[in-house]
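>
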Amino acid sequence: MFIYTCRAGTIRFFAVIVLAAAALAALVIFVPAYQPVSAGTGTESGSGDAVKVSYDKIKTNEDRVRFLSQFGYEVAEDPLETAEITIPEKFDKVYAGYNEIQKAQGLDLSKYRRKTVMRYTYEVKNYDGYNGGRVLANVIVYRGRVIGGDICSADPQGFVHGFEGAIKMQ
252 MFIYTCRAGT
262 IRFFAVIVLA
272 AAALAALVIF
282 VPAYQPVSAG
292 TGTESGSGDA
302 VKVSYDKIKT
312 NEDRVRFLSQ
322 FGYEVAEDPL
332 ETAEITIPEK
342 FDKVYAGYNE
352 IQKAQGLDLS
362 KYRRKTVMRY
372 TYEVKNYDGY
382 NGGRVLANVI
392 VYRGRVIGGD
402 ICSADPQGFV
412 HGFEGAIKMQ
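Position in the sequence shown counted from 1, then plus 251, gives you our numbering.
1. Within 10 angstroms of the Cβ of Gly384, are there 16 or more other Cβ atoms? Answer buried if so, exposed if not.
2. Count the C-beta pairs between the region 391-408 and the region 300-320 that are closer than 8 Å, then say yes if the count reaches three, no if not.
3. Starting from the Cα of Pro330, find the closest Cα among Thr311, Ile254, Arg364, Leu270 and give me that residue.
4. Just curious, the alpha helix (DSSP H) that Gly413 is in, first and last residue?
5. Decide yes or no for the touch test of the region 318-325 against the region 353-370: beta carbon pairs closer than 8 Å, at least 3 of them.
6. Whose C-beta lies closer than 7 Å to the C-beta of Gly409 among residues of the same chain, with five residues either side of it excluded?
7. Can you look up Glu351 in the DSSP assignment and give me helix, strand or coil?
8. If I measure Cβ to Cβ from Pro287 and keep anything under 6 Å in the same chain, skipping five residues before and after, which residues do I get?
9. Measuring CB to CB, does Arg365 end up less than 9 Å from Ala334?
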């Protein structure tokens with residue numbers, strides 16, 4: 252005959268472990284995925300009338316082209332480059348400056364540290380006021396949601412700004 256004994260402390264310990272696992276499972280099930288503050292609630296500036304900008308449901312190339320057209324950009328049908336990138340855990344000076352551009356447009360890359368995301372680069376056909384060469388649009392997508400991006404020139408002395416307008420980068 253086999254007899255097993257356990258102390259009340261052991262029972263309490265396993266009860267706490269089971270409750271913690273149940274609480275974690277409930278959080279995973281009932282808490283929705285992270286959504287940027289501006290996702291689906293952004294507005295386009297400049298025209299006086301507020302225009303709703305959607306950052307969600309960006310799954311296909313047509314969705315990305317449509318996303319950029321919300322800001323008035325006409326881009327080439329196919330991206331110049333498609334790259335899988337990993338947002339670093341620690342931001343260096345360049346990433347910190349780039350994230351300031353994202354924060355100015357209601358997005359924040361720091362919430363996606365160590366995540367692998369997709370960056371799509373398009374050539375902008377209708378950028379006014381710049382004769383220095385090609386203008387590019389970068390769109391950063393994570394799980395069907397735009398989490399960042401910019402409009403920039405390919406010229407080393409060019410510019411970088413968010414989707415809606417110029418932001419000086421230092």
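Positions of the beta carbon are idealized from the N, C-alpha and C atoms, including for glycine.
In short, the structure shows the following:
1. exposed
2. yes
3. Thr311
4. No alpha helix (DSSP H) holds Gly413; the beta strand (DSSP E) holding it covers 411-413.
5. no
6. Gly383, Cys403
7. In the structure shown, Glu351 adopts helical secondary structure according to DSSP, grouped into three states.
8. Low per-residue confidence applies at Pro287: pLDDT is 47, beneath 50, and the placement is therefore not dependable enough to give any value.
9. no
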